[in-house]
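Have a look at the structure below, then the notes.
Spelled out as structure tokens, the structure:
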């Protein structure tokens, strides 16, 4: 596959089915709250090039096609300390046919240019009807910057974190006219440094930060330890959204080593369910009334049952099943104005939208991953929202995310006279 090749993998792209072309054209620009970039090969060596073998850099070499395979393929491989991470198709599969999406390594030359180039990304967004994307790291940096958490040289790792954030904020977000919104990373190994990085980024337009669904799974203090208070305070005071992407715990559940990948993929939401329970139980929303969090790529249909169960376990007094000290209100009380869900394929949540609230569910297109809907996001968006009224649809596809991430180019519409759009 070359970067010029385009395949539409969407299951909804059946000729003659679903929304009409006229309906697609009339849909306003979508705001997607979960997309990813691939870092350019020279990102860190161009800043720390005095000893490039110590900093993250890319080597093009032949590697096994897969685990246990004798066949070799050319791949671009990130090398950092004793870690080697090849680019693989599944994490940059946009534009590939369904039968091309697998775990085989590849080179950046085989990827669509929009995975790594800002202007090409904006052009791909135009093709797809996406007005704004929120940008996360990809499989080298990982979804809350775990590669730097695991590094031995923490002084160098801190510099790498800052370089990544500088790149995302200054070279992607700033020139984009609010079409590209950075979800930054922080040095999770030192909460004071992490809080300082949130404030540094917020001062130049940063609006979101990546955090682990379950920090204890990364060997870090738990949500109940009190350790994270400086970070939560910094996020609340700077109006920085705390984003938890699936995979940010570095562990994902399956049933057995020989289970097909679909078992794990279908249950990606499970860590997010544990995470939401921690957030509701730990009292952070009581201590920081302005704190907002979002669960990325986890869908949301699981939220109504989980919250129902938590409320049934709750009591206003001491109870062995509940936090100590007890929550003064049922857990569901703390959902409103704090917790946001991100959906790309979850009609069930829209049937139960009253549980979380129509103001707290957002749309995602997941470029350039296998679940992504490019170039068919408008069709997917309309089919997802076929059963809801237009005002609710527009909140889900556009305005909720704009309010959460303070996207003025979209918010200004809400104060303008109705145009009949």
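In the working numbering, the protein residues as written are 7 to 427. Cβ coordinates follow ideal geometry from the N, Cα and C atoms, glycine included.
Taking 8 Å as the cut-off, does the stretch 168-175 touch the stretch 40-53 (at least 3 CB pairs, one atom from each stretch)?
yes
Can you name the start and end residues of the beta strand (DSSP E) that residue 70 belongs to?
63-70
Unbroken stretches of the beta strand (DSSP E), 3 residues or longer, contained in the stretch 135-185
136-142
Would you give the residue range spanned by the beta strand (DSSP E) that residue 1 belongs to?
Outside the displayed span of the chain (7 to 427) sits residue 1, for which this structure offers no information.
What's the C-alpha gap between residue 383 and residue 89?
35 Å
For residue 256, which of 222, 162, 127 and 78 has the nearest alpha-carbon?
222
Find out if the Cβ-Cβ distance for the pair residue 224, residue 218 is shorter than 7 Å.
yes
Check whether the stretch 289-298 and the stretch 227-245 touch, using three or more Cβ-Cβ pairs below 8 Å as the test.
yes
Give me, in chain order, the residues of the same chain whose beta-carbon lies closer than 7 Å to that of residue 208; leave out the 5 immediate sequence neighbours on both sides.
For residue 208, same chain residues with a beta-carbon under 7 Å away, outside a window of 5 residues either side, are 244 and 246 in chain order.
Just the Cα atoms here: how many angstroms apart are residue 42 and residue 395?
30 Å
Three-state secondary structure (DSSP) at residue 216?
Three-state DSSP puts residue 216 in a strand.
Could you check where the beta strand (DSSP E) with residue 90 kicks off and where it finishes?
89-92
Which term fits residue 318, buried or exposed, when burial requires 16 or more other beta carbons within 10 angstroms of its beta carbon?
exposed
Tell whether a beta-carbon distance below 7 Å holds between residue 237 and residue 200.
yes
Look at the alpha carbon of residue 132 and the alpha carbon of residue 403, and state the distance between them as a whole number of angstroms.
16 Å
Contact under 7 Å by Cβ, residue 25 with residue 388
yes
For the beta strand (DSSP E) containing residue 102, name the first residue and the last one.
From DSSP, residue 102 is part of no beta strand (DSSP E); its letter is neither H nor E.
Of the choices 178, 414, 416 and 381, whose alpha-carbon is the least far from that of residue 30?
Relative to residue 30, the option among 178, 414, 416 and 381 whose CA is nearest is 381.
Under the three-state reduction of DSSP, which class applies to residue 368: helix, strand or coil?
strand
Could you check if residue 271 is buried or exposed, using at least 16 other CB atoms within 10 Å of its CB as the buried criterion?
exposed
Through-space distance from residue 253 to residue 308, alpha-carbon basis:
Rounded to the nearest whole angstrom, the CA to CA distance from residue 308 to residue 253 is 17 Å.
In angstroms, rounded to a whole number, what distance separates the CA positions of residue 120 and residue 356?
31 Å
Hey, quick one: how far does the alpha helix (DSSP H) through residue 355 stretch, first residue to last?
353-357
Residue 363 to residue 342, Cα distance in whole Å?
7 Å
Of the choices 187, 233 and 162, whose alpha-carbon is the least far from that of residue 216?
187
Report all residues from its chain with a CB closer than 7 Å to the CB of residue 165; omit the five preceding and five following residues, and keep chain order.
54
Of the residues 378, 328, 406 and 339, the one placed nearest residue 365, counting alpha carbons only:
406
Return the residue from the list 189, 398 and 350 that minimises the CA-CA distance to residue 386.
350
May I ask you to list the residues that DSSP assigns as paired with residue 42?
142
Does the beta-carbon distance from residue 300 to residue 249 come in below 7 Å?
yes
Which same chain residues, not among the five before or five after residue 408, have their C-beta less than 7 Å away from its C-beta?
These residues qualify, in order along the chain: 37, 416 and 417.
Output yes or no for whether 7 Å exceeds the beta carbon distance between residue 84 and residue 64.
yes
DSSP-derived helix/strand/coil call for residue 191:
coil
What did DSSP end up calling residue 345 once you bin it into helix, strand or coil?
strand
To the nearest angstrom, how far is it from the Cα of residue 420 to the Cα of residue 306?
26 Å
Does DSSP put residue 84 in a helix, in a strand, or in coil?
strand
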